[in-house]
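>
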Amino acid sequence: MVATSDDLALALELADVADEITRARFRASDLVVETKPDLTPVSEADKAVERAVRSRLDTLRPDDAILGEEYGVSGGSSEDGRRWIIDPIDGTKNYVRGIPVWATLLALQEGDQTVAGVVSAPALGRRWWAARGVGAFAVDLLSEEPRRLAVSAVSALADAQLCISGFDGWEALARGIDRLLSLARECWRTRGFGDFWTYMLIAEGVAEVGCEAAVSLWDLAAPQVIVEEAGGTFTDLAGVPTAGGGDALATNGLLHEQALAIVGR
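So the sequence shown is residues 38 to 302, counted in the numbering used here.
1. In terms of residue numbering, what span does the beta strand (DSSP E) encompassing W165 cover?
2. Since C248 sits in a beta bridge, which residues does DSSP pair it with?
3. Would the C-beta of S42 count as close to the ligand PLP, meaning under 7 Å from any of its heavy atoms?
4. As a quick exercise: from I214, L291, D124, pick the residue whose alpha carbon is nearest that of S189.
5. Determine the DSSP secondary structure at E71, reduced to helix, strand or coil.
6. Considering just the uninterrupted stretch of the beta strand (DSSP E) at I122, what are its terminal residues?
7. List the endpoints of the continuous alpha helix (DSSP H) containing A173.
8. Compute the Euclidean distance between the alpha carbons of A267 and D117, then round it to the nearest angstrom.
9. Name the two residues that bound the continuous alpha helix (DSSP H) containing I58.
10. Would you tell me roughly how many angstroms separate the C-alpha atoms of L142 and A193, rounded to the nearest one?
11. What residue from R88, D124, G242 has the CA that sits closest to L254's CA?
12. Measuring only the C-alpha atoms, how far is S80 from V246?
13. Is the CB-CB distance between A160 and A167 below 8 Å?
14. Taking its Cβ as the centre, do 16 or more other Cβ atoms sit within 10 Å of V277, making it buried, or is it exposed?
15. Give me whichever residues DSSP pairs with S192 in a beta bridge.
16. Using only CA atoms, which one of Q261, L220, G301 lies nearest to A275?
17. Does DSSP classify V334 as helix, strand or coil?
18. State buried or exposed for K73, treating a residue as buried only when at least 16 other CB atoms are found within 10 Å of its CB.
19. If contacts are defined as beta-carbon pairs under 8 Å, then V252 and D284 qualify, I think. What distance do you get, rounded to the angstrom?
20. What would DSSP say about S114, mapped onto helix, strand or coil?
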């Protein structure tokens, strides 16, 4: 299963729509922020992005299903189970505090496989995308020259850079914190870049290992295809190649089994 060039072009167009909304409201003094039932924040920009993306998809892909973080599941009558997955702002806590590490994540699935993904981080001036069988790419939003991505050739944890989002969720896993710290001790360096940026750094070949203990499908669908098309490996902490396992381990591939043996469940 592969995405068509029209699908990828549409995903990039949707990212443009999202970026226009998020840039306009970033660091706005009157930004409206609410607290969801799970006690995480949601801003007016999160909701506006998802509404705008859904509206475009309803018009241009009326048979495709949509799963979004803010408005759930809708539609879907295509025979091949096509579904768009929307995370309007990955890193909302950063967004509402004025930290520029946030992005809109868009992915297209056919059945259980993600066939295209876009991660757009306008405050960082960066965008990444991939389509199954086509490769992964990144671009500086001020430039017109995309570059193809490839993971690093680092083959020893002692030479690897580990990225983590934090300790959320690790305490709920049996010896989760201990396992995470054990992995960190084996690696050359650990930094908390977090969220989507972990996976993009791995795809770019400047970090080798990233893991999260509590994460949702919309956080991972786009990063998964980008990491894999860059040559990396992406699984849950049980080693299953999925974005829907509730946790994640991404590596340059060469270190996956080593990392999984330490931090896996």
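Virtual Cβ for every residue (Gly too), placed ideally from N, Cα, C. For clarity, every value in this text was computed on a predicted model and none was experimentally measured.
With the given structure in hand:
1. Counted from its first residue, the sequence shown places residue 165 at position 128. In the DSSP annotation of this structure, the continuous segment of the beta strand (DSSP E) that includes W165 starts and ends at 163 to 168.
2. Numbered from 1 along the sequence shown, position 211 holds the residue referred to as residue 248. Beta-bridge pairing by DSSP links C248 to I201, L286.
3. Ligands displayed in this structure: none; no statement on the ligand PLP is therefore possible.
4. As a working mapping, residue 189 is identified with position 152 in the sequence shown. It is L291.
5. Against the sequence shown, residue 71 aligns to sequence position 34. E71 falls in the strand class under three-state DSSP.
6. Residue mapping note: residue 122 aligns to position 85 of the sequence shown, counting from 1. Unbroken beta strand (DSSP E) run through I122: 119 to 127.
7. Counting from 1 along the sequence shown, the entry for residue 173 is found at position 136. Where A173 is concerned, there is no enclosing alpha helix (DSSP H), although the beta strand (DSSP E) it sits in stretches over 172 to 177.
8. Position 230 of the sequence shown, counting from 1, holds the residue named residue 267. Position 80 of the sequence shown, counting from 1, holds the residue named residue 117. So the alpha carbons of these two residues sit roughly 26 Å apart.
9. Against the sequence shown, residue 58 aligns to sequence position 21. Element bounds for I58: 42 to 62.
10. Start at 1 with the first residue of the sequence shown, and residue 142 comes out as number 105. Start at 1 with the first residue of the sequence shown, and residue 193 comes out as number 156. Whole-angstrom Cα-Cα distance: 31 Å.
11. Here residue 254 is taken as the residue at index 217 of the sequence shown, counted from 1. For L254, the nearest C-alpha among the options comes from D124.
12. Here residue 80 refers to the residue found at position 43 when the sequence shown is read from its first residue. Here residue 246 refers to the residue found at position 209 when the sequence shown is read from its first residue. Straight-line spacing of the CA atoms in S80 and V246 works out to 31 Å.
13. For the purposes of this step, residue 160 is taken as residue 123 along the sequence shown, with counting starting at 1. For the purposes of this step, residue 167 is taken as residue 130 along the sequence shown, with counting starting at 1. The beta carbons of A160 and A167 sit no closer together than 8 Å.
14. In the sequence shown, counting from the first residue as 1, residue 277 sits at position 240. Here V277 is exposed: its Cβ has fewer than 16 other Cβ atoms, across all protein chains shown, within 10 Å.
15. The residue given as residue 192 occupies position 155 in the sequence shown. The bridge partners DSSP lists for S192 come to none.
16. Along the sequence shown, read from residue 1 onward, the residue named residue 275 stands at position 238. When only C-alpha atoms are compared, the closest one is G301.
17. Not covered by the structure: residue 334. The range shown for the chain is 38 to 302.
18. Here residue 73 refers to the residue found at position 36 of the sequence shown. So K73 ends up on the exposed side.
19. Locating residue 252 in the sequence shown gives position 215, counting from the first residue. Locating residue 284 in the sequence shown gives position 247, counting from the first residue. Confirmed, about 6 Å.
20. The count along the sequence shown starts at 1 and reaches residue 114 at position 77. Coil.
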